[in-house]
Each structure stands twice: as C-alpha cells, then as structure tokens.
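>
Protein chains: 4
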Amino acid sequence: MQRPNPTAERAGFAWPIRVYYEDTDAGGVVYHASYLRFLERARTEWLRSCGFDQDVLRREAGVIFAVRSAKLEFLRPARLDEALCVELRIAARRGASLLFDQTVQRSGQLLCRAEVLVVCLDSESLRPRPIPMPLAAAIAPD
Amino acid sequence: MQRPNPTAERAGFAWPIRVYYEDTDAGGVVYHASYLRFLERARTEWLRSCGFDQDVLRREAGVIFAVRSAKLEFLRPARLDEALCVELRIAARRGASLLFDQTVQRSGQLLCRAEVLVVCLDSESLRPRPIPMPLAAAIAPD
Amino acid sequence: MQRPNPTAERAGFAWPIRVYYEDTDAGGVVYHASYLRFLERARTEWLRSCGFDQDVLRREAGVIFAVRSAKLEFLRPARLDEALCVELRIAARRGASLLFDQTVQRSGQLLCRAEVLVVCLDSESLRPRPIPMPLAAAIAPD
Amino acid sequence: MQRPNPTAERAGFAWPIRVYYEDTDAGGVVYHASYLRFLERARTEWLRSCGFDQDVLRREAGVIFAVRSAKLEFLRPARLDEALCVELRIAARRGASLLFDQTVQRSGQLLCRAEVLVVCLDSESLRPRPIPMPLAAAIAPD
Chain R
3 MQRPNPTAER
13 AGFAWPIRVY
23 YEDTDAGGVV
33 YHASYLRFLE
43 RARTEWLRSC
53 GFDQDVLRRE
63 AGVIFAVRSA
73 KLEFLRPARL
83 DEALCVELRI
93 AARRGASLLF
103 DQTVQRSGQL
113 LCRAEVLVVC
123 LDSESLRPRP
133 IPMPLAAAIA
143 PD
Chain X
3 MQRPNPTAER
13 AGFAWPIRVY
23 YEDTDAGGVV
33 YHASYLRFLE
43 RARTEWLRSC
53 GFDQDVLRRE
63 AGVIFAVRSA
73 KLEFLRPARL
83 DEALCVELRI
93 AARRGASLLF
103 DQTVQRSGQL
113 LCRAEVLVVC
123 LDSESLRPRP
133 IPMPLAAAIA
143 PD
Chain F
3 MQRPNPTAER
13 AGFAWPIRVY
23 YEDTDAGGVV
33 YHASYLRFLE
43 RARTEWLRSC
53 GFDQDVLRRE
63 AGVIFAVRSA
73 KLEFLRPARL
83 DEALCVELRI
93 AARRGASLLF
103 DQTVQRSGQL
113 LCRAEVLVVC
123 LDSESLRPRP
133 IPMPLAAAIA
143 PD
Chain H
3 MQRPNPTAER
13 AGFAWPIRVY
23 YEDTDAGGVV
33 YHASYLRFLE
43 RARTEWLRSC
53 GFDQDVLRRE
63 AGVIFAVRSA
73 KLEFLRPARL
83 DEALCVELRI
93 AARRGASLLF
103 DQTVQRSGQL
113 LCRAEVLVVC
123 LDSESLRPRP
133 IPMPLAAAIA
143 PD
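Residue numbers (my numbering), protein chains in the order written: chain R, 3 to 144; chain X, 3 to 144; chain F, 3 to 144; chain H, 3 to 144.
(1) Excluding the five sequence neighbours on either side, which residues of its own chain have a C-beta within less than 7 angstroms of the C-beta of Leu128(X), listed in chain order?
(2) For Val122(F), list the residues DSSP reports as bridge partners.
(3) Can you give me the Cβ contacts of Gly14(R) inside the same chain, cut-off strictly under 7 angstroms, excluding the 5 residues immediately before and after it?
(4) Find out if the Cβ-Cβ distance for the pair Arg20(X), Ala85(X) is shorter than 8 angstroms.
(5) Tell me which residues share the same chain as Leu77(R) and place their Cβ nearer than 8 angstroms to its Cβ, disregarding the 5 neighbours each side in the sequence.
(6) For the alpha helix (DSSP H) holding Leu49(F), just list the boundary residues, first then last.
(7) Can you name, in chain order, every residue of its own chain whose Cβ lies under 7 angstroms from the Cβ of Ser51(X), other than the five neighbours on each side?
(8) If you draw a straight line from the C-alpha of Ile66(H) to the C-alpha of Glu126(R), how long is it?
(9) Assuming Ala35(F) and Ala35(X) are in contact, meaning their beta carbons sit under 8 angstroms apart, how far apart are those beta carbons, in whole angstroms?
(10) I'd like to know whether the C-beta of Ser62(R) is nearer than 8 angstroms to at least one C-beta of chain F.
(11) Quick one: which chain H residues come within Cβ less than 7 angstroms of Asp57(X)?
(12) Roughly how many whole angstroms lie between the Cα atoms of Pro143(R) and Ala68(X)?
(13) Considering just the uninterrupted stretch of the beta strand (DSSP E) at Pro130(R), what are its terminal residues?
(14) Is there a Cβ from chain R that is less than 8 angstroms from the Cβ of Leu82(F)?
(15) Which stretch, first to last residue, makes up the alpha helix (DSSP H) that contains Pro136(R)?
(16) Since Ala72(H) meets chain X, which of its residues come closer than 7 angstroms, beta carbon to beta carbon?
(17) With 8 angstroms set as the bound, which would you pick, yes or no: does the beta-carbon of Glu24(H) sit closer than that to a beta-carbon of chain F?
(18) Can you list, in chain order, the residues of its chain whose CB lies under 6 angstroms from that of Arg70(R), leaving out five sequence neighbours each side?
(19) May I ask you to verify whether the segment 38-45 of chain R touches the segment 100-107 of chain R, counting CB pairs closer than 8 angstroms and requiring at least 3?
(20) Select from the segment 23-46 of chain H all residues with a C-beta closer than 8 angstroms to any C-beta belonging to chain F, and list them in chain order.
(21) Check the C-beta distance from Ala98(X) over to Arg131(X) and give it rounded, since I have them as a contact under 8 angstroms.
(22) Please look up how many angstroms separate the CB atoms of Tyr23(H) and Gly29(X), rounded, as I've assumed it's under 8 angstroms.
(23) Counting contacts by CB-CB distance shorter than 8 angstroms, is Glu75(X) in contact with chain F?
(24) Compute the Euclidean distance between the alpha carbons of Cys87(F) and Val31(F), then round it to the nearest angstrom.
(25) Residues of chain H with CB under 8 angstroms from Ile19(R), in chain order?
(26) Would you call Ala72(R) buried or exposed, if buried means 16 or more other Cβ atoms sit within 10 Å of its Cβ?
(27) Could you check which residue in Asp55(H), Leu59(H) and Arg45(H) has the C-alpha nearest to that of Leu123(H)?
(28) Does any C-beta atom of chain X lie closer than 8 angstroms to the C-beta of Leu128(F)?
(29) Between Ile66(H) and chain R, is there a C-beta pair that is closer than 8 angstroms?
(30) Going by DSSP, what residue range makes up the beta strand (DSSP E) through Leu101(R)?
(31) Within 8 angstroms (strictly less), CB to CB, does Val88(F) reach chain X?
(32) Have a look at the DSSP bridge pairing and note the partners of Leu82(F).
(33) How about Asp27(H) and Asp27(X): are their beta carbons less than 8 angstroms apart?
(34) Would you grab the beta carbon distance between Ala63(R) and Pro134(R) for me? Rounded to a whole angstrom, and I think it's under 8 angstroms.
(35) Between which two residues does the beta strand (DSSP E) containing Arg20(F) stretch?
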C-alpha cells in the first residue's frame, strides 16, 4: 500500500457536479457506478488545472492514467437535480502512481468517500511508467 | 408530426460539455449514445434557466418529461478532452409536447444534429398531460 | 436516403436483453439512451452470428462501423428486471453502409422502433470505405 | 467489518458478460466504472437464480438492495468483444447486509477482484431493514 508523502500533499481541489437523469436509477437515487464517473471528472479537471490534458499526455508523452484500485463508501444517496461537489487531495505520490482521497458532498454533507489509486502507464504497452517530469514537478514542486 | 408554432420560438440556449473518458469508446471517439445524454443535459439546463427543476416539477406538479422520439445525425466525431457546446431552440410547442432542434458543436463546427420530441406525462400514470401553466407561460410568454 | 435493396434483406435476428438498474433512471423506467446501447448489442451479435467480430474487423480489415444516423421512437416504457427482445433486419445495403430496421419488444409488445444507418469507416482515417468482401458477401450472399 | 459466517457460504455463481463498445473507453479497454455494472448484473442474476427478482422484492416486500461499500482491484484490462465471466460468493451475511466476494475473469485469468457490501433498505425510508425471511432462508438454508 502507498505511504503518504507529505511533500506531495496539496490543498484540496473541488469540482461541481449536477445530477441528471443519466446518473440516476430506478431506486430514485444516483446509481452507484455514477460516482466513479464523478470522481474521475474531478481528477481530470484537477489535472487540467495543473496544466495537463490527458489527451495531450497520451499523444505527446505516450502515457495514460489508469485506475488500479478504488475503495468506495456510499454514505448517503444523492438525487436528481442536486448540485454536488467532488473534492480531492493527493494522499500519496510515488514514481508511477498517485493515491487520491476523494469525497462527494452536497451542501457540506458527505455522500461518498473514495480512495483511488491511479497508475501511469505506457499508452502502447499498458505497462507502468514514471509520471513524466513536467507533470511530476507540477504535482509536487519542491 | 409537430407543426412549428412561431410564438413558441425563442432565442437559442447553449450549454458547455467537456468530453471525459466515460463518454468515449474503444473507437477513440465519443460513443454515439453519449450524445443523447449531452442533449438532455442541455434541455434540463434550459428548463432550469426558465426557472424550473425537473425534480420540483415531478414532486409539485406531478409531471415528468419523457423523450417520445429522436432523430440524430452524427456528422463528425468528438474526442477525449474536447470542449463541446450543445445548443437548442424550440421548433414547436403543443399542449403536451415540445419539439427541440438541437446541435452539438466544437468551435463552431457541427458534430451532431438532433430533433427531439419531448412529451409531458403524469408522473404516476405515465399518460400525456398538458404542460403545467407557469411553465407553459414561461416557454411562450405571449 | 437509402433505398431498400431486396437482395440484402434477410430473415430477422433477435437478441435477448435483461433490464438492470444500470439501464434505468429516476423516472422508474429504462433511460432513453439505454435503448441505443441495446440496439447496438443486437447489431454486434448479429454481425457475430454472421461470423464477424468488430474487433477482428478492425485489426485485420482496418474497418470500423459507426452510427451515421438514428431515428428512434419510444412507444412504451420498459422497467427494471424485464426481459426484452431486440430484433433487426437489414432494410438497405449500399457499398459502405447498412440501414437497420430495429425494434425492442417485451412479450411481443412494441416498446421502441429504430432506423439506424451504420457506415463502414477506415479505422485510421475515419473515412468511408467499402464493406470488406467476405462480410459483404455474408450479408447478401447472392 | 463483516466477519465471515460459514453457514452463509455457498458454492460460487458465475455469469457471462460480453464486452460491447458501450463498455469501453478511448484508452481502448473496458472503462473502470463498467466493472461495477458487470458485478451488479452477476449479483442480480444470482438473486434471480435463488428465486428473487429485485423488482418483485421492492413491490411485495418493500425492500431494495443498495451498495454500501466496494473495494475494487483492476489487475488486467479487458477489451472489446471479449467474453468475460463474473463470479461471486457470499463472504458474510448479517441481518441486513450481504458481503460479496466477486471476480471478473477472462479464460480463467483474473482481471478484477471486488468486495462489495450490499445492505437491505426499506424502499421508502431508505433505512436498513432485515433481509426478508424467504430470501434470508434461501441464501443460507440451514
């Protein structure tokens, strides 16, 4: 398991999500797999806020990020039309992986808590590769 | 088929969409069914911009909106990380239905064109019901 | 628009679909975009029944099939746990495209009717390409 | 955490899954959230094989099953057109919850391992409720 690396920690990042019909199920609430989509949108937008698009990383650096593991706790249901907020912080960074602590909240109330381990892979071989330097530096600049 | 009702026409409404992995498929482009989700997000946000949440309409007015038919043309592919724009205008309004002309564009280039007929239904019986008055008035105020 | 080509017509093909939570929405019924997924599963399995996997076609013949247009009519709702049946027949075949007539039924009752135009594309350039010969022959053997 | 209850253990259950375009992403592999859908299909079909439909349970017993937590490990990618197999066994059973051990395999090769805690909820209040008796008995008949 990853050990927290204090130098990799950064202030949190928050991304708003609106719940549409596409996200819900016949139970009247947000379908549980939709949270994985919400969590990834926030990671993608965090990466973009650091200056990196996943598509550019793939084309220019030849790397993609893949979810290696995820622990999800579903604490309260979300419903149609609600405005949610996905937050993330980096809990640990290694040479070829990032561990994210993420939450989904509604008006400050915790709905879902997640720990997501993302690995950096060569886009052709799908084997682990070090996070490319400019990005690694942007994540933990010291 | 619906006949255009000039009094129901309004200036267009535009809603931004970002393409995430969840929206794409192994062909490397946006999966064709994802466009139906994008189109619905824009209709939902247009309704919200008129002052109406679908969830409130269901709980308070007892109506839901359902897609009765859709004609879709997929003209050019969209790709991961692209910023798209969904536009809509009301092509026709009847007592219990709305016909939307919608497009999905990228930097002004047309990717998808759609004609979507939405009907107003009783949320319990799922039978057609007139669009509730305050909403009907908001859509075509004269 | 495609003109029906009698020689391309074949007996119908049917594929069973079970409705899971993932397919439904908070309206308590199958989400409208889910039908596009159901329709594609049937086309894929029909192609497989003709002896062709899409993944093999892409790797060996360098072609992919893309939906160029779709007309969908949603006539009755489907619900969680229901057993549906997707049927298809080829309404027209041209050099680089196939027009499918498809239905989704439940116990013989029509829920959704669709006309889907699929084009054969070069997997690299995404430009139209003739349907490769062994497949074209399998679709219309005379 | 749940402790294994030997009397609740049963022989495994297996459910086949075919990978379609809808399940994949632009990385060329199955999208990680799709595994949650595959895992749920297997749980639903296992329940059906025990004689219980979720929709009937909701209408007649007033209960629904909700995912309370999930631990997922993504070990190897799956690709378009592949035939997968989802297996499950019950790792623990309590009054109002079931802990599932699940795997997704391809030709005996492990792709994804999951531990999914499902709770039984009142379908109206969404509060925990004991698993209804006939079902509880069917799961652990002694």
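The beta carbon of each residue, even a glycine, is placed where N, CA and C say it ideally should be.
Note that the structure is a prediction, hence the values are computed from the model and not measured.
Straight from the coordinates:
(1) none
(2) At residue 122(F) the sequence reads Cys, which differs from the Val that was named. Beta-bridge pairing links Cys122(F) to Phe67(F).
(3) Glu89, Leu90 and Arg91
(4) yes
(5) Leu112, Leu113, Cys114 and Arg115
(6) His34 to Ser51
(7) Phe15
(8) 43 angstroms
(9) 5 angstroms
(10) As written in the sequence, residue 62(R) is Glu, which differs from the Ser given in the question. No, because no Cβ of chain F sits closer than 8 angstroms to the Cβ of Glu62(R).
(11) Residues of chain H passing the Cβ test: none, with the nearest at roughly 16 angstroms.
(12) Low confidence applies to Pro143(R): its pLDDT is 47, below 50, so where it sits in the model is not reliable, and the reading given next is rough at best. Computed Cα separation, rounded: 50 angstroms.
(13) It is not in any beta strand (DSSP E) - Pro130(R) carries neither H nor E in the DSSP assignment.
(14) yes
(15) Met135 to Ile141
(16) Within 7 angstroms Cβ-Cβ: nothing; Ala72(H) doesn't reach chain X, min ~17 angstroms.
(17) yes
(18) Leu119 and Val121
(19) yes
(20) Tyr23, Glu24, Arg39, Glu42, Arg43 and Thr46
(21) 6 angstroms
(22) 7 angstroms
(23) yes
(24) 16 angstroms
(25) Within 8 angstroms Cβ-Cβ: nothing; Ile19(R) doesn't reach chain H, min ~14 angstroms.
(26) buried
(27) Leu59(H)
(28) yes
(29) yes
(30) Ser99 to Arg108
(31) no
(32) Leu82(F) pairs with nothing; no bridge assigned.
(33) yes
(34) 4 angstroms
(35) Phe15 to Arg20
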